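Numbering follows numbering that gives the first Met the number 0, with no gaps: position 106 of the first sequence is 105.
From the three backbone atoms N, C-alpha and C, an ideal C-beta is built for every residue, glycine too.
Only a predicted model underlies this, so the values are computations on that prediction, with no experimental measurement involved.
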Amino acid sequence: MALDNHFFSFKTEEIARNLLGQYLCRETEEGLTSGLIVETEAYLSEHDPACHASSGKTKRNATMFGPPVRAYIYFIYGNYFCFNVVTAPEGKGEAVLIRAVQPLEGLDLMLQRRGAQCSINNLSSGPGKLCQAFAIDKSLDGHDLRQKPLYLKENKTEYDRWQVEATPRIGISSAQDKLLRFIISGNKYLSR
DNA sequence: GTTAAGATCTGCT
DNA sequence: GCAGATCTTAACG
Numbered sequence: 000m001a002l003d004n005h006f007f008s009f010k011t012e013e014i015a016r017n018l019l020g021q022y023l024c025r026e027t028e029e030g031l032t033s034g035l036i037v038e039t040e041a042y043l044s045e046h047d048p049a050c051h052a053s054s055g056k057t058k059r060n061a062t063m064f065g066p067p068v069r070a071y072i073y074f075i076y077g078n079y080f081c082f083n084v085v086t087a088p089e090g091k092g093e094a095v096l097i098r099a100v101q102p103l104e105g106l107d108l109m110l111q112r113r114g115a116q117c118s119i120n121n122l123s124s125g126p127g128k129l130c131q132a133f134a135i136d137k138s139l140d141g142h143d144l145r146q147k148p149l150y151l152k153e154n155k156t157e158y159d160r161w162q163v164e165a166t167p168r169i170g171i172s173s174a175q176d177k178l179l180r181f182i183i184s185g186n187k188y189l190s191r
């Protein structure tokens, strides 16, 4: 059910690509919300100045250097959280940013969290937005993503039929030549 | 102690 | 399409 250790035994770029089409599930007292991952970005430990880990371990990015399959969550621009999955063995410092999901279950709850004037294709089409819709915050930093209340679930249908595209990452000011953003081509719920 | 920059979003033009 | 909001983090003095 939950994504296993084998899934995370590959290179971070490959994991980022493979995460497309998998499920992200979140359980709270208010109910269940889930979505299909449609956009990810890989952040590498070597030759990647855009990665938070590139200038060494700090208090903020310590989770990134910890064991894999954990959530690395940080606060940005005074308002928003970003949700990452740690992908490399302890000490390395690599992660995959989940940038957008296609909402599946718990639409009402997501609308409620995001504000009523929000439309369905505006619910979780961006890193800050999906954290709001899924009620993800700093308290889940370091959480093991194989367990409730926040976990990744295998999609058993044939997601290979979806066309995957690699593009430059968004919102960074360095290493823009690297094609480390992965999207399900043509999906309606991409951040752009 | 102080400062500058940031893996963003929203609203307005 | 563009600027403003907003505040934590880390680097520097």
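Runs of 3 residues minimum, wholly inside the region 63-100: which ones carry the beta strand (DSSP E) assignment? 70-75, 79-85
What are the boundary residues of the alpha helix (DSSP H) that Cys-24 is part of? Element bounds for Cys-24: not the alpha helix (DSSP H) but the beta strand (DSSP E), 22-27.
Between Lys-10 and Arg-112, what straight-line distance do the alpha-carbon atoms span, to the nearest angstrom? 35 Å
Endpoints, the alpha helix (DSSP H) within which Gly-127 is located: 126-132
Would you call the CB atoms of Tyr-22 and Leu-151 closer than 8 Å? yes
Quick one: residues in its chain with C-beta nearer than 6 Å to the C-beta of Pro-48, no 5 flanking neighbours on either side, listed in chain order? Ser-173, Ala-174
Nearest-angstrom Cβ-Cβ length linking Pro-167 and Leu-149, presumed shorter than 8 Å: So it is not a contact: roughly 29 Å between Cβ atoms.
Spatial neighbours of Asn-154 within its chain, please: CB distance less than 8 Å, with the 5 preceding and 5 following residues excluded, ordered by chain position. Gly-20, Gln-21, Tyr-22, Leu-35
Simplified DSSP state of Ile-182, which is helix, strand or coil: strand
Are the region 41-59 and the region 118-125 touching, with three or more C-beta to C-beta distances below 8 Å? no
Can you tell me whether Tyr-42 is buried or exposed? The criterion is at least 16 other CB atoms within 10 Å of its CB, across all chains shown. buried
Count the other CB atoms, across all protein chains shown, that sit within 10 Å of the CB of Asn-4; report buried if there are 16 or more and exposed otherwise. exposed
Below 8 Å between beta carbons: does that hold for Thr-62 and Tyr-71? yes
As assigned by DSSP and simplified to three states, the class of Leu-103: strand
Any idea which residues DSSP pairs Lys-152 with across the strands? Ala-1, Tyr-22
Is the beta carbon of Phe-74 closer than 8 Å to that of Lys-147? no
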